[in-house]
Amino acid sequence: MLKNFLYALLSLTIVPYILNAQPLSKIAPKREFRGVWVATVTNIDWPSKPGLSIDQQKQELIGILERHKSQGMNAIILQVRPAADAFYAKSREPWSQWLMGKQGLAPAPGYDPLAFAIKEAHFRGMELHAWFNPYRASMSSSAVLSEDHAYRKHPDWFFTYGGKKQFDPGIPEVREYIVQVILDVVKGYDVDGIHFDDYFYPYKVEGQTINDGNTFYKYPNNFSDIKDWRRNNVDLLIKELDDSIHHYKKWVKFGISPFGIWKNKYEDPEGSATSGLSNYAELFADSRKWVREGWVDYINPQIYFTFTRRVAPYGVLVDWWSNNTYGRHVYIGQGAYLVNSRAEAAWKNLSEIPNQIRYLRDNNRIQGSVFFSSKSLSTVAKAVGDSLKNDLYKYPALPPQMPWLDEVPPNEPQALTADALKDGVHLKWQLPLKAKDGETASGFVIYRFSEGEKISVLDPKNIIKISFEDYLSFIDTNVESGKRYSYLVTALDRLKNEGEPSGPVGVEVPLAKE
């Protein structure tokens, strides 16, 4: 009894102190993948509607990029092929209907949405991953398809399921066609990654049957079980893509964002302690195998659940994926669109997603998050966006390194100088000498330190600029007159390996004249 009284008394004196102290979050990691999906299908995120002028489209996209940069993001996952159509000019498929309002209708000559997006993202220190839907060919039975659409040329390549046309993955020519579609982008654009979402074979629709029996009969590939055969069809595409992408550009990352559950434990002792829909059984996608075989550089499971979701708790799935990384990266798909929804009571708790990020940060085998979707972070999940900007992603971060693709860092930039002029501190430097892999620099990181501050590249709070372009100058306008600063500049290669710093160089900002 006395012990309880003393504990209560101690609580009364200590708890107010703890509450008032409100310790700041731990310093965020300097390396972390912070992505956001920008969906174009049905104009979810961009463009806001079909038929906008080119200037309107550009301004909308710049606004999206600026907003996400302010929230600390370093990767944009842009949907460039929603339904066997294209948001880019160098394509064998028709222009997307969600661009100008009619499939096959080109925007103004000289405008390439994907090329524009890449340039603007890189300028802001954000990677651009081109997001493809591999098998979906239409969104509804009423879709008006262009004469250039693959269905018009090869109707035998497709089956209809749930009113949507789908490529039949069991046909070898279909797999080869999809590989070539994606290689058009790999070879023709300066993308950082190729990204698939969770739509492989379709999600189950009651009363519907996948009509691929004839394909199974024609191309059995030594399989007697159609389910195993379907999984193998997907595996064949993933393996071939991994080989093909890296053959042309070793630095282009290949990642997939499957549904969050590989298998449930009741289906397989190696599955997760969950009881929901599983990729393996229902979508014929053996998502863990792709990681285990090293066919993907990152897996991005969509864990759109709360900690208290009974059939699939968030923490259980994060932990399961962290135990099944096989040396590859795991980024967690975060369901920002569900915040404040009625899907679960826990989504009304505005700290749910911030707590999810804190949880995955405590696991050193998880390297980041991707949020669905862009618009949500300024609408239903605005509070999450604010939490990222002001706390969790307050300081910049570089994407995590992928040593299995490239671990040779660039050399330091040459001849760094700093001059204090009226409009700020002008920094200039020259490209590094070539590293042993022949690379110079594909980007730079600029660090600034106030007088007396420890000079180190380890703390991201000292980063004032990240760019994935090979510019050789920068003006720091955010300085105070009469103060002394020191600067370091490091080079980045295509895979964001960071070299040794050039500098430090010191400069004193002169007192402003009255």
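Residue numbering for the sequence shown follows my numbering, starting at -11 and increasing by one per position. C-beta: ideal position from N, C-alpha, C; glycine also. The structure presented is a predicted model; accordingly, all values stated were derived computationally and were not measured.
Check, Outcome
"Just to confirm before moving on: does the CB-CB distance between SER362 and VAL132 stay below 8 angstroms?", "no"
"May I ask you to report which of helix, strand or coil DSSP gives TRP278?", "helix"
"In this structure, how does DSSP classify ALA125 when only helix, strand and coil are distinguished?", "coil"
"What are the residues that DSSP puts in a beta bridge with TRP119?", "GLN67 and HIS183"
"If you follow the alpha helix (DSSP H) that LYS153 is part of, which residue opens it and which one closes it?", "Counting along the chain, LYS153 falls outside any alpha helix (DSSP H), though it belongs to the beta strand (DSSP E) covering 152 to 155."
"State yes or no: is the C-beta of THR478 within less than 8 angstroms of the C-beta of PRO489?", "yes"
"So, with DSSP's three-state summary, where would you put VAL169?", "helix"
"By how many angstroms is the C-alpha of ARG349 removed from the C-alpha of ASN466?", "31 angstroms"
"What whole-angstrom Cβ distance do ALA273 and PHE188 have, given they're in contact under 8 angstroms?", "5 angstroms"
"Quick one: what's got a C-beta closer than 7 angstroms to LEU326's C-beta in the same chain, skipping five residues either side?", "TYR292 and TRP335"
"In three-state terms, what does DSSP make of ARG330?", "coil"
"May I ask which residues mark the beginning and end of the alpha helix (DSSP H) holding GLY201?", "201 to 206"
"Between VAL372, ASN485 and SER339, which has its C-alpha nearest LEU386's C-alpha?", "ASN485"
"For SER13, does the three-state DSSP call read helix, strand or coil?", "With a pLDDT of 41 at SER13, under the threshold of 50, the modelled position of that residue is not reliable, and the figure given next carries that caveat. Coil, per DSSP."
"Excluding five sequence neighbours on each side, which residues of the same chain lie with their C-beta closer than 7 angstroms to the C-beta of SER232?", "VAL167 and LEU171"
"Mapping the DSSP letters down to three states, classify GLU496 as helix, strand or coil.", "strand"
"Please classify GLY373 as buried or exposed, where buried requires at least 16 other C-beta atoms within 10 Å of its C-beta.", "buried"
"Could you check the C-alpha separation between ARG482 and ALA369 for me, to the nearest Å?", "32 angstroms"
"Which stretch, first to last residue, makes up the alpha helix (DSSP H) that contains GLY51?", "42 to 58"
"Hey, quick one: how far does the beta strand (DSSP E) through ASP464 stretch, first residue to last?", "461 to 464"
"Put SER455 into one of helix, strand or coil per three-state DSSP.", "strand"
"What is the DSSP secondary structure of SER266, counted as helix, strand or coil?", "coil"
"Under 7 angstroms Cβ to Cβ from ASP285, same chain only, skipping five residues before and after it: list those, please.", "LYS241, PHE242, GLY243, ARG316, HIS317, MET390 and LEU393"
"Residues bridged to LYS241 by DSSP?", "GLY181"
"Is LEU483 helix, strand or coil by DSSP?", "coil"
"Consult DSSP for LYS416 and reduce its assignment to one of helix, strand or coil.", "strand"
"Using C-beta distances below 7 angstroms, list every residue in its chain close to GLN59, excluding the 5 sequence neighbours before and after it, in chain order.", "LEU365, GLY373, LEU376, LYS377 and TYR381"
"Distance, Cα to Cα, PRO38 vs LEU415?", "42 angstroms"
"Indicate whether LYS471 and SER438 have their beta-carbon atoms separated by less than 8 angstroms.", "yes"
"Can you give the Cα-Cα distance for ARG124 and LYS46, rounded to whole angstroms?", "27 angstroms"
"With DSSP run on the structure shown, which of helix, strand or coil describes THR148?", "strand"
"Once DSSP output is grouped into helix, strand and coil, what is the label at ALA403?", "strand"
"Between LYS453, SER461, GLY51 and GLN344, which lies nearest to GLN402 when the distance is taken from Cα to Cα?", "SER461"
"Please classify GLN44 as buried or exposed, where buried requires at least 16 neighbouring CB atoms within 10 angstroms.", "exposed"
"Short of 6 angstroms in beta carbon distance, which residues of its chain neighbour TRP278, apart from the five on each side in sequence? Order them along the chain.", "ILE226 and VAL284"
"From GLN10 to LEU446, what distance separates their C-alpha atoms?", "Interpretation of GLN10 is limited by its pLDDT of 35, a score under 50 that renders its predicted location unreliable; the figure taken from the coordinates is listed afterwards. Answer to the nearest angstrom: the Cα atoms are 25 angstroms apart."
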